[in-house]
Amino acid sequence: MRTQSSFLEYILIILLSISIISYTYSWFSQHKDIIIDFITKENLDRQFEIIDGFMYNFISLNFAKEQFKIKNIDGRCQGNVTIFVTMFKCTSSQRVLDYRGDLITINHSIYVYSNKTHTYYPATPLGYFIYRSCYEGFYAYVLNSSKCELFCKGTCNFELVKSDGLLIIK
11 MRTQSSFLEY ILIILLSISI ISYTYSWFSQ HKDIIIDFIT KENLDRQFEI IDGFMYNFIS
71 LNFAKEQFKI KNIDGRCQGN VTIFVTMFKC TSSQRVLDYR GDLITINHSI YVYSNKTHTY
131 YPATPLGYFI YRSCYEGFYA YVLNSSKCEL FCKGTCNFEL VKSDGLLIIK
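In our numbering, the protein residues as written are 11 to 180.
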């Protein structure tokens, strides 16, 4: 009698483990895009934190130059601000403000201006020179520099140059 109950317990444990494995596999196959997007966003955050570190270290130098390559991102200039827009969608509150500027600070809150929608989007600091924002419905990274000469689509190859006291992105 005891061996029958042990055998029955083993069968139930095996059935339970099979059902847990099949449930986990089906959940992962349905949600793998979310997991991959999260990993990609974290990777982009790390890349821009490295760029911010270079920008911070360039402050004390008279001349410096470094090249970067980031995939799956679009980059463009807006005044002295460089905006890198990702493919990841997001929602954010827009604000119509009576201020002028591409990157403004109001009551310790940072906002990025959009020429397309003529509104401001809130941004949070990622480092000393880089901000993260939900810009025009997509996650974006905003780099504050002295001069911007950049336009790229898909893959951005750009240089960060410190020359004559100016921090240039081209």
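Here a beta-carbon is modelled for each residue, glycine too, at the ideal position from N, C-alpha and C.
If we cut at 8 Å on Cβ distances, does Phe148 have a partner in chain C? Included in the structure is just one protein chain, with no chain C present.
Thinking Phe148 and Lys81 are a contact (beta carbons under 8 Å), I'd like their distance in whole angstroms, please. In the sequence shown, counting from the first residue as 1, residue 148 sits at position 138. In the sequence shown, counting from the first residue as 1, residue 81 sits at position 71. Incorrect: roughly 16 Å between the Cβ atoms, too far for contact.
Apart from the five residues on each side of it in sequence, which residues of its chain come closer than 7 Å, Cβ to Cβ, to Lys172? As a position in the sequence shown, residue 172 is number 162, starting the count at 1. Result list for Lys172: Phe68, Leu71, Phe73 and Ala74, in chain order.
Burial state of Gly85 (16 or more Cβ within 10 Å): Within the sequence shown, the letter at position 75 stands for residue 85. Per the 10 Å Cβ criterion, buried.
Cβ-Cβ separation, Ile178 to Gln157 (assumed contact under 8 Å), whole Å: Position 147 of the sequence shown, counted from the first residue, corresponds to residue 157. Position 168 of the sequence shown, counted from the first residue, corresponds to residue 178. Note that residue 157 is Lys in the sequence shown, not Gln. That belief holds up - the Cβ atoms of Lys157 and Ile178 are roughly 5 Å apart, short of 8 Å.
Quick check: the Cα distance between Thr129 and Phe94, rounded to an integer number of angstroms? Working through the sequence shown from its first residue, we reach residue 129 at position 119. Working through the sequence shown from its first residue, we reach residue 94 at position 84. Their Cα atoms are separated by approximately 18 Å.
Determine which residues share a DSSP beta bridge with Gly164 and list them. Start at 1 with the first residue of the sequence shown, and residue 164 comes out as number 154. Under DSSP, Gly164 forms no beta bridge with any residue.
CB-CB length for Thr101 against Cys144, believed under 8 Å: Position 91 of the sequence shown, counted from the start, is the residue given in the question as residue 101. Position 134 of the sequence shown, counted from the start, is the residue given in the question as residue 144. Indeed, because the Cβ distance is near 7 Å, the residues count as touching under 8 Å.
Let me know the secondary structure DSSP gives Arg105 once reduced to three states. Along the sequence shown, read from residue 1 onward, the residue named residue 105 stands at position 95. Reduced to three states, the DSSP call for Arg105 is strand.
Given that a residue counts as buried once 16 or more other Cβ atoms are within 10 Å of its Cβ, and exposed if not, what is Phe58? As a working note, residue 58 is residue 48 in the sequence shown. Counting other Cβ atoms within 10 Å of its Cβ, Phe58 reaches 16 or more and is therefore classed as buried.
Report buried or exposed for Val106, applying the criterion of at least 16 other Cβ atoms within 10 angstroms of its Cβ. For this step, residue 106 is matched to residue 96 along the sequence shown. Classification for Val106: exposed.
I'd like to confirm the pairing. Which residues does DSSP put opposite Thr115 in its beta bridges? If you number the sequence shown from 1, residue 115 lands on position 105. Looking at the DSSP assignment, Thr115 forms a beta bridge with Ile120.
Pick helix, strand or coil for Glu159, following the three-state DSSP scheme. One-based indexing of the sequence shown puts residue 159 at position 149. Coil.
Report the three-state DSSP secondary structure of Leu136 (helix, strand or coil). Start at 1 with the first residue of the sequence shown, and residue 136 comes out as number 126. In the structure shown, Leu136 falls within a coil segment according to DSSP collapsed to helix, strand and coil.
Taking the alpha-carbon positions, what's the Ser155 to Leu176 distance? Position 145 of the sequence shown, counted from the first residue, corresponds to residue 155. Position 166 of the sequence shown, counted from the first residue, corresponds to residue 176. Their backbone Cα atoms lie some 8 Å apart in a straight line.
Glu52 versus Gly137: straight-line alpha-carbon distance, rounded: Here residue 52 refers to the residue found at position 42 when the sequence shown is read from its first residue. Here residue 137 refers to the residue found at position 127 when the sequence shown is read from its first residue. Taking the straight line from one Cα to the other gives about 15 Å.
Measuring alpha carbon to alpha carbon, tell me which of Gly111, Pro132 and Thr127 ends up nearest Tyr121. As a first step, residue 121 is located in the sequence shown; it is residue number 111 there, counting from the start. Taking only the C-alpha atoms, the option nearest Tyr121 is Pro132.
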